[in-house]
Amino acid sequence: MNQNYCDILDRLLLYRRSLDKTQEEMSRQFGITQSHYSKIEAGSKIISFQGLENFGKHGGDVSYLLTGERQVNGEIEIYINRCRTARSRKSLYKIIVWLLWQGIELSRVRGCELAGRSYRSLRLAEIELEEPAVWKNIRRLEGISQEKMAERLDINIKRYGRIENGGAKPDAEIMNTLYTEFGYSPLIFLDVERFYANETNKIWNGFTEDVRAELEAVLKDAICLIGKCESI
-7 MNQNYCDILD RLLLYRRSLD KTQEEMSRQF GITQSHYSKI EAGSKIISFQ
43 GLENFGKHGG DVSYLLTGER QVNGEIEIYI NRCRTARSRK SLYKIIVWLL
93 WQGIELSRVR GCELAGRSYR SLRLAEIELE EPAVWKNIRR LEGISQEKMA
143 ERLDINIKRY GRIENGGAKP DAEIMNTLYT EFGYSPLIFL DVERFYANET
193 NKIWNGFTED VRAELEAVLK DAICLIGKCE SI
């Protein structure tokens, strides 16, 4: 167990105490027994993928637990919620991702480039919207082999191969290591729409008001067009 995973356990304990919950109450939130949960807090068990899914479904902030960064809410959800179908939402996310790239370039031209921002997750969102294959897409973006990915995640190649091919799920330690090593949000594995909203909101909120206003005008027109298509 590495230090970054120990930080997850520290956040988990603080979260439980802040809500004044017992271990038994928390175990229900993770969908496991109290004994299993006790071992997780003690560090003798790793939080499973299923446990994280259950935690998120019960209102837990998975992003904060795994990375220390709170999930970012913002205007993007308001626009997305105006779409009535999954197909429309996907179309709108494609438009939003394109608009964010324009906003990034516009900010740079105006001398207000977003300092310290990582756009890896935006690039991943762009590719995933076209052809979902998250692990392969991450390797493609990073230009590394399965062997190198397994090495960076500190797991054996057979286990990584099963994960990439869908035969196994990444646990909390693997997702945290992926974030630490490459910067990709774990939400991509647990709730893809939350991932899109979180990553696009982070960049959208970083734009100046004038840049947002220009992008918003295009976005509103796009939503009107999507609405008309939904009505056909």
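Numbered according to this note's numbering, the sequence shown spans residues -7 to 224.
We put the beta carbon where it would ideally sit given N, CA and C, even for glycine.
For clarity, every value in this text was computed on a predicted model and none was experimentally measured.
Beta-carbon within less than 6 Å of residue i's beta-carbon, same chain only, minus the 5 sequence neighbours each way: which residues are those?
i   : result
L98 : V203
Between the options, which has its C-alpha nearest residue i's C-alpha?
i     : options                : result
F187  : T169, R112, R76, R151  : R112
E156  : G175, L179, K128       : K128
F22   : N148, D53, I68         : D53
V64   : R81, L1, S177, L44     : S177
Y(-3) : E165, N193, C221       : E165
E173  : R154, M141, Y152, G159 : M141
I70   : K220, I215, E222, S223 : I215
S19   : D2, N46, C104          : N46
If we define contact as Cβ-Cβ less than 8 Å, is residue i a contact residue for chain D?
i   : result
V89 : Looking for chain D here will not work: only one protein chain is present.
Give me, in chain order, the residues of the same chain whose beta-carbon lies closer than 7 Å to that of residue i; leave out the 5 immediate sequence neighbours on both sides.
i     : result
F41   : K161, P162, D163
E16   : Q26
K194  : V64
E67   : W196
D(-1) : G60
I32   : I39
In three-state DSSP terms, what is residue i?
i    : result
R76  : coil
D121 : Residue identity check: residue 121 is Leu in the sequence provided, not Asp. Residue state, collapsed to three classes: helix.
F199 : coil
V54  : helix
I39  : coil
T59  : helix
Y188 : helix
S10  : helix
A160 : coil
S177 : coil
To the nearest whole angstrom, what separates the beta carbons of residue i and residue j, a pair I think is in contact under 8 Å?
i    : j    : result
L57  : L4   : 6 Å
S80  : I180 : The Cβ separation is near 21 Å, so there is no contact.
G48  : L170 : Between L170 and G48 the Cβ distance is about 17 Å, and since that is not below 8 Å, they are no contact.
E191 : L121 : That pair is no contact at about 12 Å.
K37  : H50  : Wrong, their Cβ atoms sit about 19 Å apart, outside the cutoff.
Ordered along the chain, which non-local residues of its own chain (more than five positions away) have a Cβ less than 8 Å from that of residue i?
i    : result
I119 : N129, R132, L133
L145 : Y152, I166, T169, L170, E173
E222 : C75, R76, T77, S80
Count Cβ pairs between the segment 198 to 217 and the segment 137 to 148 that sit closer than 8 Å; are there 3 or more? Flag = no, the segment 198 to 217 and the segment 137 to 148 do not touch.
Would the segment 87 to 97 and the segment 207 to 218 be scored as touching if the rule is three or more Cβ pairs under 8 Å? Segments in contact, yes.
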